[in-house]
Structure formats: structure tokens, C-alpha cells
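Inspection log for the structure reproduced underneath, given as C-alpha cells.
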Amino acid sequence: MSGRPQPYDPLVPTPVHRRRARADGLVAGLFSLAAHGALLLAIMAVRIQPPMMAEPDPIAVALYEPPPPPPEPPKLAPEPAGDPAPVKVSPPKLPVRPPRLVPPPRVEPLPAKPAPAPQVTAELGEADLIGAATAGSGSGTGGIGNGAGGGGCDMVRLLQDALRRNPRVRAALAQVHPEAAARGKAVLVWNGDWVQSPGQEGKGLAGVRELIMLEVAFAPKACRDDPMRGLVLISLSDGPGAPRLALGSSRWNWSDLLFAKSGGRRG
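Per our numbering: the sequence shown = residues 1 to 267.
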């Protein structure tokens, strides 16, 4: 550089200006620092008071003194004991005589009533009458030989004709079995023993049993001894729906109808 002076430029700071600016900045910094410190001290000096709680009203307390206990009652002197009561002496016990047992009178036991015999169905349907012998039928379940019995005897025809001629037979059937013919059923009167119909005191229909026994009793002995098998069917008329009687067992003969139950030969 040459030694001639430089032209003055107000924009270019001189050393004096720089020293002055540095001193001004230092003073400004100190002042700012002092202001901040004073503000911090002021903030720290302020106390935040908590909200005041309302004090409750005072409670009045009264001290209670209990009354003194009542005085004890005066003790009474014990009464003098009197003479002891006399001891009661119980009278001596008399000996007890045992009761005399009287045997009960002897009672004869009553005989037990025999159990009633089971009631036999007195009406037979068509299924029960399958294979039953009728008047004029050939050999088969009703008997052997010609007709319903052997040796030319037609006992079924003989009984049927006799029963048709007697009006008591129809009356007995109408009284005891009024709806048997309407239901297509035959009334069973004998099955090895005479059958008791409902409402009848004796066995066999009233009047029918006597008439059958009378006809069999006067029949030839050969006819009475005819061996029979199964049922025979007797019709009281030839029209449809006529009353019918049935009798017979598995193996029998006509003479069995003349005897009691013990005389019948059942199969």
C-alpha cells in the first residue's frame, strides 16, 4: 500500500467507532441481564395463597354426670327356723292279687264260603258255532253215521221239533236273552254241565232244561249212548234271525244231559 491517506467513508467504521460500539453493547447486555434478574426476583417473591376453607361451626358439648347409685336396702335378720315338718309315713302296700284270666268262650269257626265258580259265557257268536251239527246234517263233528247221531238217530231233529212246539222255550229266551237273536248269537245251555244264565238262580234256562232232559230220557237207548263231538245247534224256527240254542262239549253223549255235573263225561 502507498502512504497517502484514504478518503473518508462514513460507512466504514474506524477503530474509535468500533471501541465505542463494543462498549455500548456491553452496557446494553449488562442492563438486560439486570432487568431479567429483577423480574425473576419479583416473580419468586410473590406467594400464591391457597383458598381459605370455611371453618365449621363449633359443636357444643355438655358433660353429663350420672346420678349416684341408690343406697342398698338394709339387710333383714333371718327368721328363726321353726320345727321341722313331720315325715309322712305311707301305709304298707297290700299284696296285689294277679287278675284272674277267664278264657274266652269257644267259638266255632264259620266255614268259609266257597269261591263262586267263574261265570261261563252263555252266548256264542258265529265264530264259536263253526262246525256245529244241525238237524238233518250228515256225519261230522255232531256224531257218526247218518244224521247227527249214529245208528240212524237224529237226536238234534228230535229235540228241535220238541222245543219248537213248546211256547215256554221262546218265552224263556225272550226274558233272559232278549237281544241274542238280534246280535246273531246262540244261547249255550249245556257244555258238560248246565250253564247258568245271567239273572237265573238255577243252572239251565227255566223250562228248557226239563224239556230237553224229558226228550232225551224217552229216546231209544242206542240214541242216548251215541258218542258225540263238539256242539249241536238247535234253531227254534226256520226264518232268518230265529232264536237258537247250543249244547255240547268236546266228547260226550246224550245220556250225559240226564245226570248232574259229576255224571257228565267231558273231553
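Glycine residues also receive a C-beta, built at the ideal position from the N, C-alpha and C atoms.
Looking only at its chain, what residues have a beta carbon closer than 6 Å to the beta carbon of Ala246, apart from the 5 residues adjacent to it on each side? To locate residue 246, count along the sequence shown from 1; it is residue 246. Contacts found: Leu124, Ala186, Leu188, Leu231, Leu233.
Under the assumption that Ala172 contacts Val208 (Cβ atoms under 8 Å), give the Cβ distance between them as a whole number of angstroms. Here the question's residue 172 lines up with position 172 in the sequence shown. Here the question's residue 208 lines up with position 208 in the sequence shown. The C-beta distance from Ala172 to Val208 rounds to 6 Å, short enough to meet the 8 Å contact threshold.
Skipping 5 residues on each side, what residues in its chain have a beta carbon closer than 8 Å to that of Ala182? What you label residue 182 is simply residue 182 of the sequence shown in a count that begins at 1. If the five residues before and after Ala182 are omitted, its C-beta is found closer than 8 Å to the C-beta atoms of Gly241, all from its own chain and listed in chain order.
Got a sec? Which residues, its chain only, sit under 8 Å from Arg19 by beta carbon, not counting five neighbours each side? If you number the sequence shown from 1, residue 19 lands on position 19. So no residue of the chain qualifies.
Use the C-beta contact count for Met228: other C-beta atoms within 10 angstroms, 16 or more gives buried, fewer gives exposed. Start at 1 with the first residue of the sequence shown, and residue 228 comes out as number 228. Buried is the call here.
Excluding the 5 residues flanking Val216 on each side, which residues of the same chain have their C-beta closer than 8 Å to its C-beta? For this step, residue 216 is matched to residue 216 along the sequence shown. If the five residues before and after Val216 are omitted, its C-beta is found closer than 8 Å to the C-beta atoms of Met155, Leu159, Arg224, Trp254, Ser255, Leu257, Leu258, all from its own chain and listed in chain order.
Starting from Pro92, trace the alpha helix (DSSP H) both ways and give me its first and last residue. Indexing the sequence shown from 1 puts residue 92 at position 92. Per DSSP, Pro92 belongs to no alpha helix (DSSP H) and is neither H nor E.
Taking the CB atoms as reference points, tell me whether Leu163 and Leu211 lie closer together than 8 Å. On the sequence shown, position 163 is the one that residue 163 refers to. On the sequence shown, position 211 is the one that residue 211 refers to. Taking the C-beta atoms as reference points, Leu211 is found nearer than 8 Å to Leu163.
Own chain partners of Pro92 with C-beta closer than 6 Å, once the 5 adjacent residues on each side are dropped: Within the sequence shown, the letter at position 92 stands for residue 92. Cβ contact annotation for Pro92 (same chain, cutoff 6 Å, sequence separation greater than five): none.
Around the Cβ of Gly66, are there at least 16 other Cβ atoms within 10 angstroms (buried) or fewer (exposed)? Position 66 of the sequence shown holds residue 66. With the sequence shown as reference, residue 66 is identified as Pro, and Gly is not the correct amino acid for it. Taking every protein chain shown into account, the CB of Pro66 has fewer than 16 other CB atoms within 10 angstroms, so this residue is exposed.
DSSP three-state assignment for Ile234, whether helix, strand or coil: The sequence position of residue 234 within the sequence shown is 234, counting from 1. Ile234 carries a strand assignment under DSSP once its states are collapsed to helix, strand and coil.
For Leu129, which residues in the same chain have their Cβ closer than 8 Å to its Cβ, ignoring the five residues on either side in sequence? As a position in the sequence shown, residue 129 is number 129, starting the count at 1. If we look at Leu129 and ignore the five residues flanking it on each side, its Cβ neighbours are Ala186, Leu231, Leu233, Ala246.
In three-state DSSP terms, what is Met155? Translated into the one-based positions of the sequence shown, residue 155 becomes position 155. Helix, per DSSP.
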